[in-house]
């Protein structure tokens with residue numbers, strides 16, 4: 268992966284990050300990172316905001332522009348939106364609901380087959396994270412006390428989900444169906460709502 272692609276990938280995951288933090292994470296010099304950032308800024312892929320500090324000079328934090336976000340995979344976004352609009356026009360809300368339900372059922376069958384040998388929650392979530400990562404969600408899993416946090420730094424269906432919010436509700440239902448009713452799943456951050464990632468808190472119900 269080229270240095271510029273690694274920088275874009277890291278900014279996508281972090282949301283907003285300084286040149287020094289990028290250099291530390293990527294094993295590059297700060298000067299080298301700044302040169303790449305300036306090039307990416309000229310291409311309208313990144314932009315910056317200066318954060319004031321109590322002491323010393325402001326720190327420059329870099330984030331992706333709209334064009335930068337578009338560099339990452341979005342599963343045939345224009346086609347998906349066009350199809351949803353067409354189904355809505357011909358079959359109405361009921362038709363859209365049936366299409367989403369069918370998509371959820373097919374995805375559930377695929378995920379369930381992959382998780383069939385997992386005998387505990389952590390193993391299931393690790394496999395689920397791998398599946399989501401392979402589908403372009405830039406997924407990772409972390410532990411937070413007794414809970415697990417599933418983080419998705421990218422949404423390949425974001426454009427379609429903005430047109431059809433039921434797709435996002437379907438994702439939560441899919442996870443719940445997959446893991447079972449004795450676990451709670453809460454979405455704490457949401458890309459479609461304007462945040463830079465989706466996060467899900469998962470743990471046993473009390």
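Residue numbers (this note's numbering): 268 to 473.
No residue lacks a Cβ here, since even glycine has one placed at the ideal position from N, Cα and C.
Are residue i and residue j close, meaning C-beta to C-beta below 9 Å?
| i | j | result |
| --- | --- | --- |
| residue 418 | residue 374 | no |
| residue 275 | residue 338 | yes |
| residue 271 | residue 289 | no |
| residue 325 | residue 317 | yes |
| residue 300 | residue 321 | no |
| residue 282 | residue 463 | yes |
| residue 214 | residue 348 | One cannot answer for residue 214 here, as it falls past the ends of the chain, which runs 268 to 473. |
Where does residue i sit, in a helix, a strand or coil, going by DSSP?
| i | result |
| --- | --- |
| residue 326 | strand |
| residue 392 | helix |
| residue 464 | coil |
| residue 312 | coil |
| residue 402 | coil |
| residue 424 | coil |
| residue 318 | strand |
| residue 338 | coil |
| residue 361 | helix |
| residue 276 | helix |
| residue 303 | helix |
| residue 353 | helix |
| residue 283 | coil |
Alpha carbons only, please: which of the options is nearest the one belonging to residue i?
| i | options | result |
| --- | --- | --- |
| residue 472 | 274, 445, 280 and 451 | 451 |
| residue 404 | 279, 273 and 271 | 279 |
| residue 312 | 332, 301 and 421 | 332 |
| residue 414 | 362, 388 and 285 | 388 |
| residue 409 | 422, 395 and 317 | 395 |
| residue 453 | 470, 329, 284 and 357 | 470 |
| residue 330 | 445, 382, 285 and 423 | 285 |
| residue 447 | 310, 361, 307 and 392 | 392 |
| residue 429 | 358, 357 and 460 | 460 |
| residue 416 | 427, 455, 382 and 397 | 455 |
| residue 445 | 412, 422, 386 and 402 | 386 |
Identify every residue that forms a DSSP beta bridge with residue i.
| i | result |
| --- | --- |
| residue 470 | 451 |
| residue 386 | Paired residues: none, contrary to the question. |
| residue 434 | In DSSP, residue 434 forms no bridge with anything. |
| residue 410 | 415 |
Three or more C-beta pairs below 8 Å linking the stretch 428-436 and the stretch 354-368: Segment contact: the stretch 428-436 against the stretch 354-368, three or more CB-CB distances shorter than 8 Å; contact assigned.
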